[in-house]
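Visitor:
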Amino acid sequence: DELGLARATPASLMARWASAGDGTAVLGAGPHGPLAVDLTQEGPHLLIEGPAGSGRTELLRSIAASLAAGGRPDRLGLL
Numbered sequence: 118d119e120l121g122l123a124r125a126t127p128a129s130l131m132a133r134w135a136s137a138g139d140g141t142a143v144l145g146a147g148p149h150g151p152l153a154v155d156l157t158q159e160g161p162h163l164l165i166e167g168p169a170g171s172g173r174t175e176l177l178r179s180i181a182a183s184l185a186a187g188g189r190p191d192r193l194g195l196l
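Just so we're aligned: 188 in this note's numbering is position 71 of the sequence shown, and the numbers increase by one with no gaps anywhere.
1. Return yes when the Cβ of Ala142 is within less than 8 Å of the Cβ of Leu156, no when it is not.
2. Using beta-carbon positions only, say whether Leu193 and Ala186 come within less than 8 Å of one another.
3. Suppose you measure from the CA of Ala169 to the CA of Pro151; what does that come to, to the nearest Å?
4. If I follow the unbroken beta strand (DSSP E) through Leu152, where does it start and stop?
5. Give me the residue from Leu196, Ala132 and Leu144 with the minimum Cα distance to Gly188.
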């Protein structure tokens with residue numbers, strides 16, 4: 118998977134969190150690899166729009182998982 122969570126272990130997550138903190142969220146897969154947004158550089162807000170059944174909730178879940186996997190738990194807050 119794009120986040121590398123299929124092979125996640127406590128040690129790999131601790132190493133990831135130790136070097137993380139850049140605010141990048143993976144949105145999905147693009148033709149040249151992961152498609153990501155840097156929330157630090159591009160702003161802390163996203164607008165997600167689409168009709169019912171288009172995958173908005175799944176995208177939000179993917180963003181939350183990406184931020185949780187890539188960021189230190191003591192520096193991330195999701196509402």
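Cβ atoms here follow ideal geometry from the backbone N, Cα and C, with glycine treated the same way.
Guide: Per the coordinate set shown:
1. Cβ distance < 8 Å, so Leu156 and Ala142 count as in contact.
2. Cβ distance not < 8 Å, so Leu193 and Ala186 don't count as in contact.
3. 25 Å
4. Counting along the chain, the unbroken beta strand (DSSP E) around Leu152 starts and ends at Gly150 to Asp155.
5. By alpha-carbon distance to Gly188, the top candidate from Leu196, Ala132 and Leu144 is Ala132.
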